[in-house]
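Heads up: the sequence shown runs through residues 1 to 130, numbered per the numbering used here. Ideal Cβ positions, reconstructed from N, Cα and C, are used throughout, including at glycine. Note that this is a predicted model, so its numbers are computed, not measured.
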Amino acid sequence: HEKDVLVSDTRLGDAIIDSVTNFENYDFVENRPNRGGQRFATTFDLRDYPSGGTYPGMWDEAIEQQFEFTLVQTFLFEDRNKAKDKFKKHVADLGSVERDSRQTEELENAIEAITLGDKAFGRYHASLIV
1 HEKDVLVSDT RLGDAIIDSV TNFENYDFVE NRPNRGGQRF ATTFDLRDYP SGGTYPGMWD
61 EAIEQQFEFT LVQTFLFEDR NKAKDKFKKH VADLGSVERD SRQTEELENA IEAITLGDKA
121 FGRYHASLIV
(Lines of atoms letter the chains of each structure in order from A and count residues from 1; the text may use other names and numbers.)
(Lines give C-alpha, C1' and ligand atoms only; values in the text may rest on other atoms or scores of the structure.)
Protein backbone atom coordinates (compact mmCIF):
# COMPACT_ATOMS: atom_id res chain seq x y z
CA HIS A 1 0.00 0.00 0.00
CA GLU A 2 1.60 3.25 -1.15
CA LYS A 3 0.83 6.67 0.22
CA ASP A 4 1.87 10.11 -1.00
CA VAL A 5 4.11 11.99 1.41
CA LEU A 6 4.51 15.75 1.31
CA VAL A 7 8.07 16.97 0.79
CA SER A 8 9.15 20.39 2.01
CA ASP A 9 12.28 22.27 2.99
CA THR A 10 11.14 22.42 6.64
CA ARG A 11 13.63 21.08 9.17
CA LEU A 12 12.57 17.71 10.54
CA GLY A 13 12.75 19.01 14.13
CA ASP A 14 10.41 21.87 13.27
CA ALA A 15 7.96 19.44 11.70
CA ILE A 16 7.89 17.09 14.70
CA ILE A 17 7.91 19.32 17.76
CA ASP A 18 4.45 20.38 18.87
CA SER A 19 5.21 21.61 22.37
CA VAL A 20 7.70 23.55 24.46
CA THR A 21 9.54 21.80 27.29
CA ASN A 22 11.00 23.91 30.07
CA PHE A 23 13.25 22.69 32.91
CA GLU A 24 14.15 26.10 34.45
CA ASN A 25 15.83 25.86 37.89
CA TYR A 26 13.45 23.29 39.35
CA ASP A 27 13.31 19.53 39.86
CA PHE A 28 10.39 19.17 37.51
CA VAL A 29 9.67 19.51 33.82
CA GLU A 30 6.95 21.74 32.43
CA ASN A 31 5.53 20.86 29.02
CA ARG A 32 3.26 23.29 27.19
CA PRO A 33 1.70 21.45 24.26
CA ASN A 34 0.06 23.37 21.44
CA ARG A 35 -3.17 21.59 22.30
CA GLY A 36 -4.37 20.87 25.82
CA GLY A 37 -3.15 22.26 29.12
CA GLN A 38 0.21 22.39 30.78
CA ARG A 39 1.72 19.10 31.91
CA PHE A 40 4.32 18.56 34.60
CA ALA A 41 6.76 15.73 35.25
CA THR A 42 9.70 14.93 37.47
CA THR A 43 12.73 12.81 36.72
CA PHE A 44 14.49 10.18 38.80
CA ASP A 45 17.90 8.72 38.03
CA LEU A 46 18.28 5.10 39.06
CA ARG A 47 21.95 4.98 40.01
CA ASP A 48 22.66 1.28 40.46
CA TYR A 49 22.02 -1.87 38.53
CA PRO A 50 20.13 -4.33 40.74
CA SER A 51 22.70 -6.34 42.72
CA GLY A 52 20.63 -9.49 42.37
CA GLY A 53 20.51 -9.11 38.59
CA THR A 54 17.45 -8.73 36.46
CA TYR A 55 14.48 -11.06 36.48
CA PRO A 56 11.16 -11.30 34.66
CA GLY A 57 8.56 -9.06 36.24
CA MET A 58 10.95 -6.73 38.05
CA TRP A 59 9.15 -3.67 36.62
CA ASP A 60 5.60 -5.09 37.00
CA GLU A 61 4.77 -2.94 40.03
CA ALA A 62 5.70 0.25 38.16
CA ILE A 63 3.79 -0.80 35.04
CA GLU A 64 0.61 -1.40 37.06
CA GLN A 65 0.53 2.16 38.48
CA GLN A 66 -2.29 4.40 37.29
CA PHE A 67 -0.16 7.21 35.86
CA GLU A 68 1.93 7.84 32.79
CA PHE A 69 5.67 7.35 32.95
CA THR A 70 8.66 6.78 30.73
CA LEU A 71 11.43 4.39 31.76
CA VAL A 72 14.68 4.57 29.83
CA GLN A 73 17.55 2.14 30.39
CA THR A 74 20.93 2.11 28.68
CA PHE A 75 23.95 -0.14 29.01
CA LEU A 76 27.20 0.76 27.27
CA PHE A 77 29.43 -2.28 27.00
CA GLU A 78 33.07 -1.78 27.87
CA ASP A 79 35.66 -3.28 25.54
CA ARG A 80 36.55 -6.78 26.75
CA ASN A 81 40.31 -6.13 26.75
CA LYS A 82 39.94 -2.85 28.65
CA ALA A 83 37.82 -4.58 31.30
CA LYS A 84 40.39 -7.38 31.65
CA ASP A 85 43.22 -4.85 32.00
CA LYS A 86 41.36 -3.02 34.78
CA PHE A 87 40.78 -6.28 36.65
CA LYS A 88 44.41 -7.32 36.23
CA LYS A 89 45.51 -3.97 37.68
CA HIS A 90 43.25 -4.53 40.70
CA VAL A 91 44.70 -8.02 41.16
CA ALA A 92 48.24 -6.60 41.08
CA ASP A 93 47.33 -3.84 43.54
CA LEU A 94 45.66 -6.26 45.95
CA GLY A 95 48.45 -8.81 45.56
CA SER A 96 51.06 -6.28 46.62
CA VAL A 97 49.10 -5.51 49.79
CA GLU A 98 47.33 -8.73 50.79
CA ARG A 99 49.10 -11.47 48.81
CA ASP A 100 46.56 -14.09 47.72
CA SER A 101 43.13 -13.55 49.21
CA ARG A 102 39.52 -14.37 48.50
CA GLN A 103 39.19 -11.03 46.69
CA THR A 104 42.10 -11.70 44.35
CA GLU A 105 40.65 -15.14 43.62
CA GLU A 106 37.27 -13.58 42.77
CA LEU A 107 38.98 -11.05 40.50
CA GLU A 108 40.92 -13.84 38.75
CA ASN A 109 37.63 -15.69 38.22
CA ALA A 110 36.09 -12.51 36.78
CA ILE A 111 39.02 -12.13 34.36
CA GLU A 112 38.47 -15.71 33.21
CA ALA A 113 34.72 -15.09 32.78
CA ILE A 114 35.45 -11.96 30.71
CA THR A 115 37.90 -13.90 28.54
CA LEU A 116 35.33 -16.65 27.91
CA GLY A 117 32.60 -14.11 27.20
CA ASP A 118 30.49 -15.26 30.16
CA LYS A 119 30.51 -11.80 31.75
CA ALA A 120 30.36 -8.32 30.30
CA PHE A 121 31.03 -5.03 32.00
CA GLY A 122 29.99 -1.52 31.16
CA ARG A 123 28.08 1.55 32.27
CA TYR A 124 24.40 1.26 33.18
CA HIS A 125 21.99 4.16 33.45
CA ALA A 126 18.26 4.31 33.98
CA SER A 127 15.88 7.26 34.23
CA LEU A 128 12.26 7.33 35.24
CA ILE A 129 10.12 10.28 34.13
CA VAL A 130 6.79 10.57 35.92
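Annotation: the stretch 26 to 93 contains the following complete segments of the beta strand (DSSP E) (minimum length 3 residues), in chain order: 28 to 33, 39 to 46 and 70 to 77. CA-to-CA, the gap between Thr74 and Ala120 works out to about 14 Å. Minimum Cα-Cα distance from Ser127 among the listed residues Asp4, Phe44, Glu30 and Arg32 corresponds to Phe44. Taking the Cβ atoms as the reference, Gly122 lies roughly 4 Å from Phe77, within the contact range of under 8 Å. Arg35 and Thr42 have their C-alpha atoms roughly 21 Å apart. Taking 8 Å as the cut-off, the beta carbon of Val91 is found closer than this to the beta carbon of Leu107.
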